[in-house]
Amino acid sequence: MNKEMVLSSMDYAQLRTLDLGGRVRYIREFLQKEYGNKYSGKSLANRIGVSQSNYTYLENKANDIPSKILRAISKDFNVAMDVFFDDFYEGEPKTIIIKPLSFDEKIEPAVIANRYSDLGTATKMNPADEDSYTFVVVAYLEASNGDRRMIFNSHSKELYQRTHVQSVVASMIHAMDEIDRFINPGYRPSDKTPSPAYQALQHIELRDNPELYVWIPQKLYNDTLMTLEKAGREYTSKLLERAAVNKITNKEHD
Numbered sequence: 001m002n003k004e005m006v007l008s009s010m011d012y013a014q015l016r017t018l019d020l021g022g023r024v025r026y027i028r029e030f031l032q033k034e035y036g037n038k039y040s041g042k043s044l045a046n047r048i049g050v051s052q053s054n055y056t057y058l059e060n061k062a063n064d065i066p067s068k069i070l071r072a073i074s075k076d077f078n079v080a081m082d083v084f085f086d087d088f089y090e091g092e093p094k095t096i097i098i099k100p101l102s103f104d105e106k107i108e109p110a111v112i113a114n115r116y117s118d119l120g121t122a123t124k125m126n127p128a129d130e131d132s133y134t135f136v137v138v139a140y141l142e143a144s145n146g147d148r149r150m151i152f153n154s155h156s157k158e159l160y161q162r163t164h165v166q167s168v169v170a171s172m173i174h175a176m177d178e179i180d181r182f183i184n185p186g187y188r189p190s191d192k193t194p195s196p197a198y199q200a201l202q203h204i205e206l207r208d209n210p211e212l213y214v215w216i217p218q219k220l221y222n223d224t225l226m227t228l229e230k231a232g233r234e235y236t237s238k239l240l241e242r243a244a245v246n247k248i249t250n251k252e253h254d
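Using UniProt numbering, the first residue of the sequence shown is number 1, and each one after it goes up by one.
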């Protein structure tokens, strides 16, 4: 599954006639034929962090997709973002390349589950039996290239049940809309955008789907964070070095 794919002239001609959402759907279905359900609408919606219903609307009716979502789709497809816009299809036909995609299929899920499972330990705790939970809120800054930096991490002092969780998620969605409006007074959510409470319920119900109802073992989660922290420090060190060089270069040009 690790190969570059070039769309045919017929694919190009078809994409040229479509609107923005139609082009997203066409390329996703092209990938679904190659990779199966890894590129179903449901799987993609989950990876880019939107509800399945919103994603379905995006493919079928949207002529304007927020740049953050379109960038996430482009990154997931591993295709240039230009291919979604009308300008790309002006003039002579151009080549559309989908760069190699890779999925980790070497490690069986059962092996990971057995390696990190806490069932059978002295505590006998099973998250699937619980109905109230500590609520964890994490905030990231996301750069234009998709890199992320954590800036906030907080745990609730009380245990939250499902109805509480919906209220918290709805509050966060509403707060983001209000901040967007404060930064850009011209911003207006679409009339067809569901209410924050409904969006929150969609997120919760989506993740209650058996395919997405996933508990990550605590040890696996902690081990993964440690690995990411180490890699992130090395990467950030290189970014800071590059920024310092650019700063010196810019001063020399002034």
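Where a beta carbon is used, it is the ideal one built from N, C-alpha and C, also for glycine.
Which word fits residue i, buried or exposed, when buried means at least 16 other C-beta atoms lie within 10 angstroms of its C-beta?
i: GLY120; result: Any answer about GLY120 is weak, because its pLDDT of 45 lies below 50 and its placement is not dependable; what the coordinates show is given next. Flag for GLY120 reads exposed.
i: ALA139; result: exposed
i: ALA200; result: buried
i: TYR235; result: exposed
i: PHE182; result: exposed
i: ILE97; result: exposed
i: MET1; result: With a pLDDT of 47 at MET1, under the threshold of 50, the modelled position of this residue cannot be trusted, and the question is left open.
i: VAL6; result: exposed
i: GLN52; result: buried
i: SER237; result: exposed
i: VAL214; result: exposed
If you follow the beta strand (DSSP E) that residue i is in, where does it begin and where does it stop?
i: TYR198; result: Counting along the chain, TYR198 falls outside any beta strand (DSSP E), though it belongs to the alpha helix (DSSP H) covering 196-207.
i: SER171; result: It is not in any beta strand (DSSP E) - SER171 instead sits in the alpha helix (DSSP H) that spans 162-183.
Pull up the distance between the alpha-carbon of residue i and that of residue j, whole angstroms please.
i: MET150; j: TYR26; result: 34 Å
i: ALA243; j: ASN250; result: 10 Å
i: SER195; j: ASN46; result: 20 Å
i: MET226; j: GLU90; result: 47 Å
i: MET10; j: THR134; result: 53 Å
i: ASN44; j: LYS38; result: The sequence shown places Leu at residue 44, rather than the Asn named in the question. So the alpha carbons of these two residues sit roughly 7 Å apart.
i: ARG207; j: PHE30; result: 26 Å
i: ILE179; j: ALA231; result: 32 Å
i: LEU212; j: THR224; result: 19 Å
i: GLU108; j: VAL50; result: Because GLU108 carries a pLDDT of 46, less than 50, the predicted location of this residue cannot be relied on, and the following value inherits that uncertainty. Roughly 27 Å separates the two Cα atoms.
i: GLU130; j: LEU220; result: 20 Å
i: PRO185; j: ASP177; result: 11 Å
For the putative contact between residue i and residue j, defined by C-beta atoms under 8 Å, what is the C-beta separation to the nearest angstrom?
i: ALA170; j: ALA197; result: 5 Å
i: ILE69; j: ILE48; result: 6 Å
i: VAL165; j: ILE204; result: 7 Å
i: TYR160; j: SER190; result: Not confirmed; about 30 Å, so no contact.
Cβ atoms of residue j and residue i: under 7 Å apart, would you say?
i: ASN63; j: LEU18; result: no
i: LEU15; j: ARG23; result: yes
i: LYS99; j: GLU252; result: no
i: GLY41; j: TYR55; result: yes
i: VAL168; j: HIS155; result: no
i: LEU101; j: ASN78; result: yes
i: TYR12; j: PRO93; result: yes
How would you write the range of the alpha helix (DSSP H) that residue i sits in, first residue to last?
i: GLU241; result: 218-253
i: PHE135; result: Per DSSP, PHE135 belongs to no alpha helix (DSSP H); it is in the beta strand (DSSP E), 133-142.
i: TYR55; result: 52-61
i: GLU29; result: 20-35
i: TYR12; result: 9-17
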